[in-house]
Structures are given as C-alpha cells and as structure tokens.
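**Q** Protein sequence lines correspond, in order, to chains A and B.
Mapped onto full-length UniProt numbering, the consecutive letters of the first sequence carry residue numbers 1 to 215.
Mapped onto full-length UniProt numbering, the consecutive letters of the second sequence carry residue numbers 1 to 764.
Just so it is clear, CB atoms sit at the ideal spot from N, CA and C, and this is done for glycine as well.
Let me begin by handing over the structure; questions about it come next.
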Amino acid sequence: MITSAHEQLRHDHDYLVKFLALGNSGVGKTSLLYQFTEGCFNSQFTSTVGIDFKEKRLVHRCSVTGREQGVHLQLWDTAGQEKFRSLTTAFYRNTMGFILVFDLTNEQSFLDIRSWMEQLRTHAYCESPDIILVGNKVDLTEQHVVSEARARDAAFKLGVPYMEASAATGFNVTACVLALVDAVLLRMNRVVDDTRLTLGKTVSPDDEVTSVCVC
Amino acid sequence: MEEETLVYQQDEVHTIPTSLEELSVAGRLRIIERRHSAYIEWRCSDDESNPDNDWAVVNKSAVTFTHHNSSGSVEISTPRRHVRPISVELADLGSYKLTIEGSLVLIQRDGSTHPALQFPGKDAEYFVEVLSRYVAIKRSEKDSTLFLLRDKKTARIDDQLSALGLVSHASRGSRVRKLHGSSSSDSKSRGSPQHTSSSQVELHSAVVPWTTAAPQRVMGFISNFRRDPYTTTLTTLSKFYDIVLSEDDWAEGFVSERGGDDLNPFASLSGLDNLEPGFQVVTLKGKLVERPRVERLPPLTQLEYSQHCDVDGGVRDPQLLKRRIFKGGIHPSLRSELWCYLLGYYDWSSSSAQREVRRNERLVEYQKLKLQWSTMTADQELRNSGFRERKSLIEKDVNRTDRSHPFYEGDDNPNVQLLHNILMSYVMFNFDLGYVQGMSDLLAPILYVTQNECAAFWCFVGYIDIVHRNFDMDQSGMKEQLLGLQHLIAVIDPEFMSYLESSESANLYFCFRWLLVRFKRELSYSDTLRLWEVLWSQEPCKNFHLLVAAAILDHERNTIMENKFEFTEILKHINDTSQRLNLEELLCSAEAIYEQLVASSDVPAAVLTLLGLPLKPSSQDGEADVSVGELASEKCVSTDEETSPLESSRIISAGPSSSRGKKENFVLYRRCDHNDDDDFLSEEDTSGDSCGGAGDNNASVVPRGDTSATDGAPRGLVGTVTSILGSAVRHIAGEDASIDLLSPISAALHNEGLFEDAIGQQYL
Numbered sequence: 001m002i003t004s005a006h007e008q009l010r011h012d013h014d015y016l017v018k019f020l021a022l023g024n025s026g027v028g029k030t031s032l033l034y035q036f037t038e039g040c041f042n043s044q045f046t047s048t049v050g051i052d053f054k055e056k057r058l059v060h061r062c063s064v065t066g067r068e069q070g071v072h073l074q075l076w077d078t079a080g081q082e083k084f085r086s087l088t089t090a091f092y093r094n095t096m097g098f099i100l101v102f103d104l105t106n107e108q109s110f111l112d113i114r115s116w117m118e119q120l121r122t123h124a125y126c127e128s129p130d131i132i133l134v135g136n137k138v139d140l141t142e143q144h145v146v147s148e149a150r151a152r153d154a155a156f157k158l159g160v161p162y163m164e165a166s167a168a169t170g171f172n173v174t175a176c177v178l179a180l181v182d183a184v185l186l187r188m189n190r191v192v193d194d195t196r197l198t199l200g201k202t203v204s205p206d207d208e209v210t211s212v213c214v215c
Numbered sequence: 001m002e003e004e005t006l007v008y009q010q011d012e013v014h015t016i017p018t019s020l021e022e023l024s025v026a027g028r029l030r031i032i033e034r035r036h037s038a039y040i041e042w043r044c045s046d047d048e049s050n051p052d053n054d055w056a057v058v059n060k061s062a063v064t065f066t067h068h069n070s071s072g073s074v075e076i077s078t079p080r081r082h083v084r085p086i087s088v089e090l091a092d093l094g095s096y097k098l099t100i101e102g103s104l105v106l107i108q109r110d111g112s113t114h115p116a117l118q119f120p121g122k123d124a125e126y127f128v129e130v131l132s133r134y135v136a137i138k139r140s141e142k143d144s145t146l147f148l149l150r151d152k153k154t155a156r157i158d159d160q161l162s163a164l165g166l167v168s169h170a171s172r173g174s175r176v177r178k179l180h181g182s183s184s185s186d187s188k189s190r191g192s193p194q195h196t197s198s199s200q201v202e203l204h205s206a207v208v209p210w211t212t213a214a215p216q217r218v219m220g221f222i223s224n225f226r227r228d229p230y231t232t233t234l235t236t237l238s239k240f241y242d243i244v245l246s247e248d249d250w251a252e253g254f255v256s257e258r259g260g261d262d263l264n265p266f267a268s269l270s271g272l273d274n275l276e277p278g279f280q281v282v283t284l285k286g287k288l289v290e291r292p293r294v295e296r297l298p299p300l301t302q303l304e305y306s307q308h309c310d311v312d313g314g315v316r317d318p319q320l321l322k323r324r325i326f327k328g329g330i331h332p333s334l335r336s337e338l339w340c341y342l343l344g345y346y347d348w349s350s351s352s353a354q355r356e357v358r359r360n361e362r363l364v365e366y367q368k369l370k371l372q373w374s375t376m377t378a379d380q381e382l383r384n385s386g387f388r389e390r391k392s393l394i395e396k397d398v399n400r401t402d403r404s405h406p407f408y409e410g411d412d413n414p415n416v417q418l419l420h421n422i423l424m425s426y427v428m429f430n431f432d433l434g435y436v437q438g439m440s441d442l443l444a445p446i447l448y449v450t451q452n453e454c455a456a457f458w459c460f461v462g463y464i465d466i467v468h469r470n471f472d473m474d475q476s477g478m479k480e481q482l483l484g485l486q487h488l489i490a491v492i493d494p495e496f497m498s499y500l501e502s503s504e505s506a507n508l509y510f511c512f513r514w515l516l517v518r519f520k521r522e523l524s525y526s527d528t529l530r531l532w533e534v535l536w537s538q539e540p541c542k543n544f545h546l547l548v549a550a551a552i553l554d555h556e557r558n559t560i561m562e563n564k565f566e567f568t569e570i571l572k573h574i575n576d577t578s579q580r581l582n583l584e585e586l587l588c589s590a591e592a593i594y595e596q597l598v599a600s601s602d603v604p605a606a607v608l609t610l611l612g613l614p615l616k617p618s619s620q621d622g623e624a625d626v627s628v629g630e631l632a633s634e635k636c637v638s639t640d641e642e643t644s645p646l647e648s649s650r651i652i653s654a655g656p657s658s659s660r661g662k663k664e665n666f667v668l669y670r671r672c673d674h675n676d677d678d679d680f681l682s683e684e685d686t687s688g689d690s691c692g693g694a695g696d697n698n699a700s701v702v703p704r705g706d707t708s709a710t711d712g713a714p715r716g717l718v719g720t721v722t723s724i725l726g727s728a729v730r731h732i733a734g735e736d737a738s739i740d741l742l743s744p745i746s747a748a749l750h751n752e753g754l755f756e757d758a759i760g761q762q763y764l
C-alpha cells in the first residue's frame, strides 16, 4: 500500500509530539535527552554535529482533564554553537515544545538564554510556543554560579516555567519533559478537531504511565 | 514474569565486525510471542545471566590491532564494543536485509536500523519460515537482499486491489520469483559494489518490467493526487507535455534511461510512480554509461614509497604518488610522514635537509602562537569576550572528543591537553575563524597519527585550509556542498532524487554530519584515517568526498525507497548506519561513479564544474544552458518558498536543447508540501533571480526560445490530466465502474494515436 511509514504505525491513537532541545554548547542537551529516553547517563558524549533525534512512547494523563493519551515523543537534538543556527532553526517550525537548557555552572549559558528566546520566537510556529527553561547540572552544587532565585526570576520575566535538573543523576529530568508534554497537550486539546497529528493508538502497559503536575 | 512463548531460537548468531577494531560477539536470536504480539530478540550470550542489563560491555583483552608508528612505539588498541541487545516488535519491523551469506539486518518502520547479525552456517531459512507465519514477506524487486514485511491483512487487501484488473497482468507470471530461492542472479548482484546497477539490469531483462508494479503506481498516483492534486496534476501534465513537444527526444531519452532498447517508448507512462510531490527535473538527459568495475590497491608500503623518492629524499613525481595514495591509502607505519606532505607541512620536492630546516622554523612559529594565548592573564581575558568564548568552546569539546579511543581515554590524559593546546594556538593563528564545533574531530586523528604537537598543528592548519568552508559563519560552504550533492544525485540517480523530493528530504540534511567532519562520525578510526588520506590526495578530481557521500546514498537508496522512508526515518536510518559502512566498497563505488561521469557525454555543466572536470565541447551549448537553468530555477524555488503559499508549483524552461536540434526541452521544477526544513537552503542569496516569469503563485509554463507551436497546449492538458485523475479517484471511490482514461486525452490532443497506444499498453 502506498502509505507513508508514519501512517503504517499500528498505533492509531497516539499523538506525535516533537520537542527540540536548545541551549549553548555543552550545557547537556544530549545528556538530558539520553537520560530521559534511556534512563542513564553516559559521560562520554561527543558534541552533537548536525541534528539527531530520539524517540519515546508513553501514556500521559493530562493534569487538568485527567484524560489519558498515548504520546509518541520525538526529541530533537541540535548543535549548540551559534554557527549552526542556520541549520537548526530550520527545525523550529515543526516543533511543538522547546526545552531550553542552560548550565547552572556556566554564567554565559544563562546569559544567552535571552538570545535563544529571541531565536525561538522568530522561528517557531507561533509567537508564544510552549517552552520549559531547564537549569542543568544541579548536582554540581559546588560549582553553581547561577542561583535558583536568579534563574526563577529570569524565567518569570520571560514568562516560561523553570525547573532544575541533572542529566547526570537523572533528577527531575522526566519531570521536565513531562511538564512540557502536559503544556503541549493542553494546547493541542484546546484546538478542537485537530486530528492532523493523530498517529496511533495505545502503548503497551510496560511503557511509562505517569501523571504529571506542572510546577 | 509475563507469559511468553518461545517460537524460535538460534544460538551462535554473531555480530559482524565492520573494522579491525571490533570483535564479533556471539548471541542468541529468538522469536517470542508475548501479549498477542511477536518479538524478535537478540541478546549477547555473555549477557544471558543478567537479562535486565541493558548494555553488555564486551572487553576482551586480546590484541587485535597493533599500530607501529614511525617513532617505533607500538599502539595497542583494546577491542571494545558496546553490544546492545536487540528487541523489535514484529509490527515495528518494516523490512530486513538478508544476504546469501546469512547476514541479517533488521530495519524498523521508523528507520531504526540494527547491527548486522550472522547466522551460523549461513542458514537463515528456518528463521524466515517462522517469521512468515506472522507477516507477509515480499522480496524487493530492486534489491534482492531486501525483504519487505507487511501485515498479512494489508497484504491481502493489496492483492485484492491489484486483482481488480486496473492493470494488465500479462507479464506477471514472468516476474514471480520464489521468495527465498537463491537463484544465481541473486548471488551475482549480492555484495557487489554496483549492486544497484546490476539489479536494475536484471530488472530490465525481464519481459515487460514495469507492469507488475503498476497497481502500486496507480495507487501511488492516486494517493499523491489526493494529497496534493495541484502538483500531481502539473507533474503529470509535464510528462504529457514532453510527449507532445518532442516525442522523439522523449522516447529516446526514456528508452535509454530504462536501459533496454526493446522497450516501448511509452514505457515512461509507467512512470506514474514518478508522479510524486516535490520538484523534479524532467529533462531529457542522455543516459550515463554503465558504471565500470573498479579495483583498489593495497596500501602504499615503505618499500614502494622509497622507490618514489630521489637520493635527497624528495618525491620525484608527486602526482604519481598521490594517485597511488588515492588508489590504496598509506600503510600505518608511513602515515605520520606522508600526512605532512599531503597536508602541506612539507613540500613534496624538499630534501631531508630542507625538511629539517622547515621543521625548526615551524616549531618556532608554533611556540610563538602558543605563547600568545598561554600568557593571557585572567584580567586580559575579562576584556576579551571573543577569546573567552573560543576558549570555553574548546575546553568543552576536547573533553568529549574521541574519549573512548585508547589514545585519548582516561582522566587527565595528556593527549587531551595537546588537543587543547593545538586548538587554542589555531585560534591565535586564525582568530576570525576561531574554533567551530567539528574542528576537534578533524584534529584528533591527526594528532594520533603524527604524535607530535607541532607537526599536528601545521597539518591541522593544512586540513582546515581544505575544509574551511565547512565553518563559514553563514554555513554557506555547507549549503553549497549539499546543493552539489543534490546535483550529483539528480544526475546519477534521478529516480532516487525524485523520491527524496517527494519525501521532503531533498535538502539532504541527513548528510550534514558526513560532510562537516568528513565522515569521521560514520567510520571507525582506522577507516577514517584511510578515507582522509584518500581525500587529501585530491585525486582523481576535486570534491571527491561528495562522490563518497553519493556512494553511501546509492548503497542505501533501495532500503530508503522500498521502506518508503520520509525525512525522519531516513535521518534515523542514516544515523544508525554510522560505524557500519564498508569503506573499501564505498571507495570503489565512489570511484566508479566518477569514471561513469567522466565517460558519459551528457553530464550537466554544474556537475562537471563541481568535480573540476572539463566542460565537454559537444554538450557545452545545450547542456550548459540546462544547468544554468537548473541553478537559477533552484534559487527561484527557494526564493518563493519564503513568500508564496504552500502549494506553489513552477514550470521553468531551461532553454532549447540545441545540441540535439529538437524543439524544446523542459525542465520542470515542482514544489509542493512546503517543507519547513528548507530555510537552510532558502537563505541563499537570491537577488540574482533569473527565472523570468516564474514569480507568481500560479504555475506557469515559461518556454524560452521559439515555441510558438505550444501555445495553448498546457491549459488543455491541465484539464485533461485533471479529468483523468478525477475519474481515477472516482473509480477508486467506487462511483465509476471503469476508469475513463482514454476519452479526455484523445479529445484534448491531436496526437491521439500515440496516447491511445501508450495508455492502451498500460491499462487496457
């Protein structure tokens, strides 16, 4: 049959949700995504060249409606260096949620959040896409140069939720991603009849079943 | 523990190492029924005791790879490999590749591709038999090692559809092959670098090759029409238009492209499968000559090298030596010396004494550069954000460059510090370029080979001179390469290019990593070293790395097309293919493609220029025109992507093909399904838009040259084609008893006879 590979997915009730991780080089984008999909930390990562993505299927219970939905999560990973932006911004438009990461031990990565937000608002599908700001490397307490209060304040001014996490220990990683899933699904459910994104059905019971609260 | 039923089990199924650095790992392959679905699982044997362990680290202390370098030290690399267990639910399995030697690669529907497994005794028959209880298995017509899986129910529906009699089945019998029979033709095409062409030859030798796939073509055509009626109609139109305008040319072009003189010229109507969305070049390009068989040589040895040198130690004929390096690479023991020549640190003609002088001069220079950054005080750094930024990037990257390689592994490895020093010195050497991610990947193998900080620095300088466009601020060098690769593929494999366009993948982003770090992430270390020295030889033409990229894509094209992969699946498949490429085979293919292009007469000027080949006098007039048209229209397409609505289509003429003296050739560029990923290319400077009247949103035929005869034809044809499509769709929807294909065409065209023949041949 002439159907695309997407359509051939046997699940007929999943939402395909695409996220993109952004942030300066070396803040831990790849590690966060890897920790989320594989549940472990690999300290020997290489820098991301070009683009890549990881996938995970899960069942999500909406924090507001309590409705359960199958979600096929596609997590896109990008190179952090500014020079590669002309490549990576091409992927912004297909993205429903952005995981904007900075490194709590790196002042510059925090300062650059503003410029990432500008990039994002210019190239995303809409003016106010769903974003979560993540302060990574929370486990390296000794080396922190960005305080939680300062980060919260910045997030508040930018109008985005903020969470601290550690890709190394796994702390809060799932919570961050799921908070964003929740926000995106809420938005999607508000859009009635948006059947375009419907992909497939259920997820096997051993997949993660989680209910989430947004902080 | 949940209930599972073991339905198949095979021990001693090995992984297949792709390089000397890797060990083969034995494991157990099983098919298991669990919760009403079936799974294929493979697990490393050593890992059996702990089934929950996700990763098995296989680290056997055997020394399999020794590397003697010139300084006399011996490198020992410990074979080490993370062997990941495989578990695939059958419903997720899209296809598999199974060779006659019994190697199996599982490919999922989402593009995920698993490492190759080797069946003991080369015998996978029982595995396939068990598998076929669950799914319908069909051998690909294009690649005899590729097997496509379908749900049994879907397969039944498909069969019923094709039994509807939409298409002539006259030749069906001749094409039916035993599913897993190992006919001699299969083994012939297997494993050969030119597998594509040979399997195509096989296809053409069959009686009427296009008809078996015709039901799918009709379905494809209709599904395209549903998805995007506008562009589907216009492509169809363009094909008919070609027939009307230059049927001789067209017939000739198509027959030769199909590779069989016995084929009816209207075979191309079978090209309904080509009516995919995306833009597509429908020129009447002459066929390329067949790809020759290419042999490679063993690496250049010390003994052979000494014969290239004169008494003073200079190289007598650098060109000859470079040619030799291209054909076989360099023996590891010679690398550290010869790389210095290839990368411009030494002059080929220099004597041993002159090189000694050179080394000393360069050492002084290097030390100066090194002092410049190492004496920078913290206070100074505070006021130098450009420096700080570069430094911080370098520090981050050297700590994650090749850290699993023995030369760079472990905490506080001094070689990591050397990487840092060299990159920092390069920042002082070329502050504007500075440091860009990817550079550390390019440096690490050089330092590993030269084992000398200063030599590595100057070799690195030479390498960056070659690839600096990869690191342009606006990435224009990368864009140009991707565009060049597009041109190449469009010439050597138009069908594949057309497929990529229809699947929103024509931007070739999935090749970005290949090009940026020159395939380093795709190859094992030893293969990377080999490939690089081959590329540095600058033989046999410039941009040979694009031919290597084309060779990889050529190798994957059937898998991609038969699985109907779209952008994300292709990206996943391509990323998964990394570390599994057979370099020598690829280099043979790449060289064969080169030879093929050199020997062919109708290669567009854009491709000749790309490879630095002389423009051929015979083709210069007409073909040069066409390629200018191609470039221009490509830009034009990019321009309007930013401004026009999604389903914009373009028909752009590329000027008359004066070389053949025919009326007109049209290059049709189609755009549809606005691809959001196109920004990257659309940022090209398009101010020099030369596409004439193609700037409005309606498709327009813009013939250049004397084409008075064609006025009015397009509009009639649009209507015609649309009505055919309409009736086709109605038929499928069950409203019409039959497809009324002939009448609208004959009404609209004067060339009815031709069309009746053509369509009759196909559908009646």
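(1) Would you list the residues sitting across from I157 of chain B in a DSSP beta bridge?
(2) DSSP three-state call for P492 of chain B: helix, strand or coil?
(3) Nearest chain B C-beta to L73 of chain A closer than 8 Å, yes or no?
(4) Determine, using beta carbons only, whether A21 of chain A and V101 of chain A come nearer to each other than 8 Å.
(5) State the DSSP-derived secondary structure class of M561 of chain B, mapped to helix, strand or coil.
(6) Tell me the DSSP secondary structure of S385 of chain B in three-state form.
(7) Could you work out which residue in A:K18, A:Q143 and A:V181 is closest to E55 of chain A when comparing CA atoms only?
(8) Cα-Cα, which of A:T88, A:M117 and A:S63 is closest to Y509 of chain B?
(9) Using the rule of at least 16 other Cβ atoms within 10 Å of the residue's Cβ for burial, across every protein chain shown, is Q150 of chain A buried or exposed?
(10) May I have the straight-line CA-CA distance separating V177 of chain A from D402 of chain B, to the nearest angstrom?
(11) Answer with buried or exposed for L307 of chain B, where buried requires no fewer than 16 other C-beta atoms within 10 angstroms of its C-beta.
(12) Short of 8 Å in beta carbon distance, which residues of its chain neighbour V311 of chain B, apart from the five on each side in sequence? Order them along the chain.
(13) Taking I99 of chain A as the query, report the chain B residues whose CB atoms sit under 8 Å from its CB, ordered along the chain.
(14) Report the neighbours of T375 of chain B on chain A: residues whose CB is nearer than 9 Å to its CB, in chain order.
(15) Quick one: grab the DSSP three-state call for H487 of chain B.
(16) On a Cα-Cα basis, can you pick out the residue from B:H487, B:L535, B:E591 and B:L442 that is closest to R521 of chain B?
(17) Work out the CA separation of E389 of chain B and T377 of chain B for me, nearest whole Å.
(18) Using 8 Å as the threshold, is the region 74–82 of chain A in touch with the region 51–66 of chain A, meaning 3 or more CB pairs across them?
(19) Taking only beta carbons into account, state which residues of the region 15–47 of chain A come closer than 7 Å to chain B, listed in chain order.
(20) What did DSSP end up calling N360 of chain B once you bin it into helix, strand or coil?
(21) How about the region 444–453 of chain B and the region 515–531 of chain B: do they share at least three Cβ pairs that are nearer than 8 Å?
(22) Is any beta-carbon of chain B found at less than 8 Å from that of R196 of chain A?
(23) Can you tell me which of B:S505, B:V467, B:L393 and B:N452 puts its alpha carbon nearest to the alpha carbon of D435 of chain B?
(24) Using CA atoms only, rank isn't needed, just tell me which of A:H60, A:V181 and A:V134 is closest to R155 of chain A.
(25) Assuming the contact rule is C-beta atoms closer than 8 Å, V138 of chain A and F171 of chain A should be a hit. Round their C-beta distance to whole Å, please.
(26) Tell me the residue span of the alpha helix (DSSP H) that contains Q9 of chain B.
(27) Is there a Cβ of chain B sitting closer than 8 Å to that of K83 of chain A, yes or no?
(28) From which residue to which residue does the beta strand (DSSP E) around K56 of chain A run?
(29) Smallest Cα separation from K287 of chain B: which of B:A551, B:E4, B:A490 and B:I16?
(30) Output yes if chain A places a C-beta closer than 8 Å to the C-beta of E3 of chain B; else output no.
(31) Which residues in the same chain have their Cβ closer than 7 Å to the Cβ of E127 of chain A, if we skip the five residues on either side of it in sequence?
(32) Only counting the same chain, and skipping five residues up and downstream in sequence, which positions put a Cβ closer than 8 Å to that of R85 of chain A?
(33) Is the region 316–334 of chain B touching the region 351–362 of chain B in the sense that three or more CB pairs, one from each, lie closer than 8 Å?
(34) Taking the alpha helix (DSSP H) that Q538 of chain B belongs to, which residues open and close that run?
(35) So with CB distances below 7 Å, who are the chain A contacts of L516 of chain B?
(36) If we cut at 8 Å on Cβ distances, does A79 of chain A have a partner in chain C?
**A** So, to answer that:
(1) DSSP, once it has assigned bridges, lists no residue as partnering I157 of chain B.
(2) Inspection of the sequence shows that residue 492 of chain B is occupied by Ile rather than by Pro. Three-state DSSP puts I492 of chain B in a helix.
(3) no
(4) yes
(5) helix
(6) helix
(7) A:K18
(8) A:T88
(9) Gln is not the amino acid found at residue 150 of chain A; the sequence shown has Arg there. Its Cβ having fewer than 16 others within 10 Å, R150 of chain A is exposed.
(10) 29 Å
(11) Here residue 307 of chain B turns out to be Gln, not Leu, going by the sequence shown. Result: exposed.
(12) none
(13) Neighbours of I99 of chain A on chain B: none; closest Cβ ~18 Å, over 8 Å.
(14) What T375 of chain B touches in chain A: nothing, since even the nearest Cβ is about 23 Å away.
(15) helix
(16) B:L442
(17) 15 Å
(18) yes
(19) S25, G26, Q44, F45, T46 and S47
(20) helix
(21) yes
(22) Any reading at R196 of chain A needs caution, since the residue's pLDDT is 46, under 50, leaving its predicted position unreliable; the model's value is listed next. For R196 of chain A, the answer is no, since every Cβ of chain B falls outside 8 Å of its Cβ.
(23) At residue 435 of chain B the sequence reads Tyr, which differs from the Asp that was named. Closest by alpha carbon: B:L393.
(24) The question names Arg, but residue 155 of chain A in the sequence shown is Ala. Among A:H60, A:V181 and A:V134, the Cα nearest to that of A155 of chain A belongs to A:V134.
(25) 6 Å
(26) Q9 of chain B -> not in any alpha helix (DSSP H); beta strand (DSSP E) instead, spanning E4 to T15.
(27) yes
(28) I51 to R61
(29) B:A490
(30) no
(31) R121
(32) Q119
(33) no
(34) Careful: Q538 of chain B lies outside any alpha helix (DSSP H) and carries neither H nor E.
(35) V49 and G50
(36) The structure shown contains no chain C; its protein chains are A and B.
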